[in-house]
Amino acid sequence: MKKQLILVGGAMGVGKSAVCRELLRQLTPGVWLDGDWCWNMNPFVVSEENKRMVLSNITHLLRAYLNNSSYRYVLFCWVMDQPLLFEAVLGPLRDIPFTLHSFSLVCTEQALRERLERDVRDGIREADVIPRSLRRLPAYAALPTCKLDVTSLTPYEAACAIAASVGRASSRRVPGLSGAGESWHGA
Numbered sequence: 633m634k635k636q637l638i639l640v641g642g643a644m645g646v647g648k649s650a651v652c653r654e655l656l657r658q659l660t661p662g663v664w665l666d667g668d669w670c671w672n673m674n675p676f677v678v679s680e681e682n683k684r685m686v687l688s689n690i691t692h693l694l695r696a697y698l699n700n701s702s703y704r705y706v707l708f709c710w711v712m713d714q715p716l717l718f719e720a721v722l723g724p725l726r727d728i729p730f731t732l733h734s735f736s737l738v739c740t741e742q743a744l745r746e747r748l749e750r751d752v753r754d755g756i757r758e759a760d761v762i763p764r765s766l767r768r769l770p771a772y773a774a775l776p777t778c779k780l781d782v783t784s785l786t787p788y789e790a791a792c793a794i795a796a797s798v799g800r801a802s803s804r805r806v807p808g809l810s811g812a813g814e815s816w817h818g819a
């Protein structure tokens with residue numbers, strides 16, 4: 633059974649965690665890692681040392697899951713808005729055979745603003761996330777990923793689209809997805 637590494641990127645608040653929660657129910661046997669879990673620290677300090685540690689922890693966990701025979705699907709979500717982040721995460725895994733499926737969740741600025749404002753009202757996020765997330769949104773257009781516009785999709789519907797794309801024959805098109813994506817294999 634060939635391992636399937638499924639990357640789900642997107643701006644803060646776009647719905648990565650909610651989509652992966654649903655996706656984990658659909659793609660079994662599977663496991664899900666959120667890159668933000670590796671940043672869950674107090675105080676939150678973005679230093680070069682912490683960046684190296686977080687990336688090391690992420691690649692260590694991904695390597696362990698990819699090498700574990702219990703799982704076929706390994707889901708990883710994170711902001712991932714720069715090509716260098718992809719290289720930092722995937723580079724250390726090149727010796728492991730797997731098929732990569734890379735998705736960017738996108739939505740309109742208005743939808744993202746509304747989602748983030750709701751999170752701020754609910755005490756889930758701080759208000760400063762709104763301009764930071766909106767600034768990142770355009771970066772996803774240039775990435776070599778399949779784009780999934782989640783503006784009017786529920787997390788369940790978005791997960792269904794990704795699951796169908798991961799399992800589809802190369803000639804079948806999944807509604808809502810755009811971009812060729814990146815067919816990348818480890819060793």
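For the working numbering, add 632 to where a residue sits in the sequence shown, where the first one is 1.
Don't be surprised by glycine CBs; every beta carbon is placed ideally from N, CA and C.
Only counting the same chain, and skipping five residues up and downstream in sequence, which positions put a Cβ closer than 6 angstroms to that of LEU665? By 1-based counting over the sequence shown, the position of residue 665 is 33. Closer than 6 angstroms at Cβ, skipping near neighbours: LEU693 and PHE708.
Taking VAL738 as the reference, give the member of GLY723, THR783, ALA759 and ILE728 with the closest Cα. The count along the sequence shown starts at 1 and reaches residue 738 at position 106. Measuring from the Cα of VAL738, the nearest candidate turns out to be THR783.
Could you have a look at GLY583 and say whether DSSP puts it in helix, strand or coil? Look at the range of the chain in this structure, 633 to 819, and you will see that residue 583 is not part of it.
Suppose only complete runs of 3+ residues qualify. What are the beta strand (DSSP E) ranges in the stretch 678-716, listed by chain order? 705-710
When the Cα atoms are used, what is the spatial distance from PRO675 to VAL640? By 1-based counting over the sequence shown, the position of residue 675 is 43. By 1-based counting over the sequence shown, the position of residue 640 is 8. Each residue's alpha carbon lies about 27 angstroms from the other.
Please state the DSSP three-state secondary structure of ASP751. What you label residue 751 is simply residue 119 of the sequence shown in a count that begins at 1. The answer is helix: DSSP assigns ASP751 an H, G or I state.
Do you know whose CA, among LYS635, LEU716 and ARG750, lies nearest GLY647's CA? Here residue 647 refers to the residue found at position 15 of the sequence shown. Taking only the C-alpha atoms, the option nearest GLY647 is ARG750.
Outcome for GLY667 when other beta-carbon atoms lying within 10 angstroms are tallied against a minimum of 16: The count along the sequence shown starts at 1 and reaches residue 667 at position 35. So GLY667 ends up on the buried side.
Candidates CYS778, ALA795 and LYS635, of which the one nearest VAL706 by Cα: For this step, residue 706 is matched to residue 74 along the sequence shown. Out of CYS778, ALA795 and LYS635, LYS635 has the C-alpha closest to the C-alpha of VAL706.
Contacting residues, own chain, Cβ-Cβ under 8 angstroms from GLN658 (five flanking each side not counted): In the sequence shown, counting from the first residue as 1, residue 658 sits at position 26. The answer, listed in chain order, is ALA791, CYS792 and ALA795.
Which of helix, strand or coil does DSSP assign to LEU637? By one-based count along the sequence shown, residue 637 stands at place 5. In the structure shown, LEU637 sits in a strand (DSSP, three-state: E or B).
Short check: CB of SER765 to CB of MET644, under 8 angstroms? Against the sequence shown, residue 765 aligns to sequence position 133. Against the sequence shown, residue 644 aligns to sequence position 12. In contact: SER765 and MET644 (Cβ atoms closer than 8 angstroms).
Euclidean distance between Cα positions of VAL678 and PHE730: The residue given as residue 678 occupies position 46 in the sequence shown. The residue given as residue 730 occupies position 98 in the sequence shown. About 31 angstroms.
Answer yes or no: do ASP713 and ARG768 have a C-beta to C-beta separation smaller than 8 angstroms? The sequence position of residue 713 within the sequence shown is 81, counting from 1. The sequence position of residue 768 within the sequence shown is 136, counting from 1. The Cβ atoms of ASP713 and ARG768 sit closer than 8 angstroms to each other.
If you draw a straight line from the alpha carbon of GLY642 to that of ASN699, how long is it in whole angstroms? The count along the sequence shown starts at 1 and reaches residue 642 at position 10. The count along the sequence shown starts at 1 and reaches residue 699 at position 67. Just so you know, the alpha carbons of GLY642 and ASN699 end up roughly 26 angstroms apart.
Burial state of THR777, where buried means 16 or more other Cβ atoms lie within 10 Å: Taking the first residue of the sequence shown as 1, we reach residue 777 at position 145. Classification for THR777: buried.
Measuring alpha carbon to alpha carbon, tell me which residue in ALA696, PHE718, LEU716 and TRP671 is nearest ILE728. For this step, residue 728 is matched to residue 96 along the sequence shown. The shortest Cα separation from ILE728 among ALA696, PHE718, LEU716 and TRP671 belongs to ALA696.
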